[in-house]
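Sequential numbering of the sequence shown, starting at 206, is according to the working numbering. Ideal Cβ positions, reconstructed from N, Cα and C, are used throughout, including at glycine. Nothing here was measured: the structure is a model prediction, and the numbers come from that model.
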Amino acid sequence: MSERSFTVRAGPRAAAHLRSRGLAPADIGCVPAAAGGPKGLALIPLDQRLFGRDGWLREVRLELIGASIGAWRMFCAAQVDAADALQRLADGYVAQRYSRRPTPREVSDECRKLAQAVLGGPRLPPLRAQTAVQVLTTRARGVLQGRASRAAFAQAALANTWSRARLAAHMERVVFATGRSRVLDETGQRFDAFGLTLAPLRDDNAEDALLASGSIPLVCEPVRDPAGVPRGDYWDGGLIDYHLLLPYAPAHADRLVLYPHFVPHLTPGWLDKFLPWRRRADGHPWLANVLLIAPSPAFLARLPNRKLPDRQDFYAYGLDHDGRQRDWRRAIAECERFADEVMAWLQRPDPTLLQPL
């Protein structure tokens, strides 16, 4: 097992399902995709096998949920020509180039090009009728509204060390969506302090929604006043929903959640990754029906720099854009092997590989 490219972790209901019934595409009801910047590039080869022209989940009725690069991946996956959209995302993301000390405006301009590449045109592209997609964003409030300063975000971070409920005084969840959602349903019970505003994803707000979902505070500018939602500053959806710890088990009681991920655990919000006591949401009841698949340590050791691409590479490589792009492409090429091994397991799952989530 140590030489496998992937690890598999399952909530108790997902594990019982696999042991008693195996796994079929129709068993999957939801696919989440986490925030994580360039790490998301590693999962695009698997996305193409799941959602491409002959993809394993191509004909399944699905709910796709994402934040930041996860939102971009899932919006591509929902398109009729998912394979082409995912390739545009991968190519555009690798091709980013910045000056030595880019301003927030420069980064936002480059990220808007990525949002446009994901859309593939000025209007919403054709989406599969049986697929619902949700793009998660964070609307600033309290001390953050109208203030993109280090001092304001430091106050929010301090509130978060006390509790996520305290952080909700400064941030609220706004979701741009198409199709019917089960996990994020305004008519259902409110499941945390961040609230939920659902807005239709439309021609006049899709680009801003995708850009906002990946707009990192202090690195990018906020997206201001997107159409169809309350006015304000909109930021990265990962601030609230970093690894998308959402109520999957209550919402999809009859189906499973397939979660391709960068790491074998979930961290609720982006700020929580700095808090050791909140970094892992292991054994959470919402994850009972989740099947999480992530690269194994043995696989990561074979990648350039022995890790997935990440945002620190922009600093580590500096102006050596060609070197960074070369190593990122090598990493994506290696992830073809990861994707092939995962697909072989999904089609003939071996329950002895399951570890608890």
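- Sequence-distant partners of Tyr447 (beyond 5 residues in either direction) whose C-beta falls short of 6 Å from its own C-beta, in its chain, are Ala240, Thr472, Gly474, Trp475.
- Annotation: Gln335 is outside any beta strand (DSSP E) and is labelled neither H nor E by DSSP.
- Annotated as proximal: Leu461 and Val495, with beta-carbon spacing under 9 Å.
- In the same chain as Gly400, and ignoring 5 residues on each side of it, the C-beta atoms closer than 8 Å to its own belong to Ala373, Glu377, Arg378, in chain order.
- Of the candidates Pro307, Cys235, Arg529, Cys425, Cys235 places its Cα closest to the Cα of Val338.
- Shortest Cα-Cα distance from Pro243 to any of Asp518, Glu546, Glu539 involves Asp518.
- Between the C-alpha atoms of Gly419 and Arg226 there is a straight-line separation of about 38 Å.
- In this structure, Gly433 places its C-beta atom within 9 Å of the C-beta atom of Phe381.
- Across the structure, Ala486 and Ala549 are spaced so that their CA atoms are roughly 28 Å apart.
- Around the beta-carbon of Ser386, 16 or more other beta-carbon atoms lie within 10 Å, marking it buried.
- Residue state for Glu377 is assigned as strand, using DSSP reduced to three classes.
- Of the candidates Leu559, Val265, Glu546, Glu546 places its Cα closest to the Cα of Arg209.
- In the DSSP assignment, Ile249 falls within the unbroken alpha helix (DSSP H) covering 249-256.
- The C-beta distance from Gly325 to Ala290 rounds to 6 Å, short enough to fall under 8 Å.
- Comparing alpha-carbon positions, the option among Gln335, Arg317, Arg333, Pro465 lying closest to Ala414 turns out to be Arg317.
- The straight-line gap separating the alpha-carbon atoms of Gln292 and Ala276 is approximately 15 Å.
- In this structure, Ile445 is the residue among Ile445, Gly351, Leu508, Ile498 with its C-alpha nearest to the C-alpha of Lys478.
- Taking 4 residues as the minimum length, the alpha helix (DSSP H) runs contained wholly in the stretch 443-521 are 453-456, 502-505, in order along the chain.
- Going by DSSP, Phe358 is part of the alpha helix (DSSP H) stretching over 355-367.
- In its chain, beyond the 5 residues on either side, Pro469, Leu497, Gln560, Leu562 have a beta carbon closer than 6 Å to the beta carbon of Arg214.
- By the neighbour-count criterion, in which a residue is buried when 16 or more other Cβ atoms sit within 10 angstroms of its Cβ, Trp440 is buried.
- The beta carbon of Phe396 is closer than 7 Å to those of Pro452 in its chain, skipping five residues each way along the sequence.
- When the Cα atoms are used, Ile249 and Leu294 turn out to be separated by approximately 9 Å.
- The Cβ atoms of Asp438 and Leu332 lie no closer than 9 Å to each other.
- Taking a C-beta distance under 9 Å as the contact criterion, Gly257 and Arg278 do not qualify as a contact pair.
- The bridge partners DSSP lists for Tyr439 are Arg344, Val428.
- A residue is called buried once 16 or more other Cβ atoms fall within 10 Å of its Cβ, and Ser304, having fewer, is exposed.
- Excluding residues up to 5 positions away in sequence, Ala370, Ala373 lie with their Cβ nearer than 6 Å to the Cβ of Ala398 in the same chain.
- Closest in alpha carbon position to Arg407, among Phe280, Pro230, Phe211, Glu541, is Phe280.
- The beta-bridge partner set that DSSP reports for Phe396 is empty.
- It is roughly 20 Å from the alpha-carbon of Gly384 to the alpha-carbon of Ile274.
- The alpha-carbon of Glu311 is positioned some 9 Å away from that of Glu426.
- Cβ-Cβ distances below 6 Å link Ala221 to nothing in the same chain once the five nearest sequence neighbours on each side are left out.
- Rounded to the nearest whole angstrom, the C-alpha separation of Pro500 and Gly297 is 23 Å.
- Put simply, of Arg352, Ala359, Arg355, Leu492 the residue whose alpha carbon is nearest the alpha carbon of Pro237 is Leu492.
- Pro243 sits in a helix when the DSSP states are folded into three classes.
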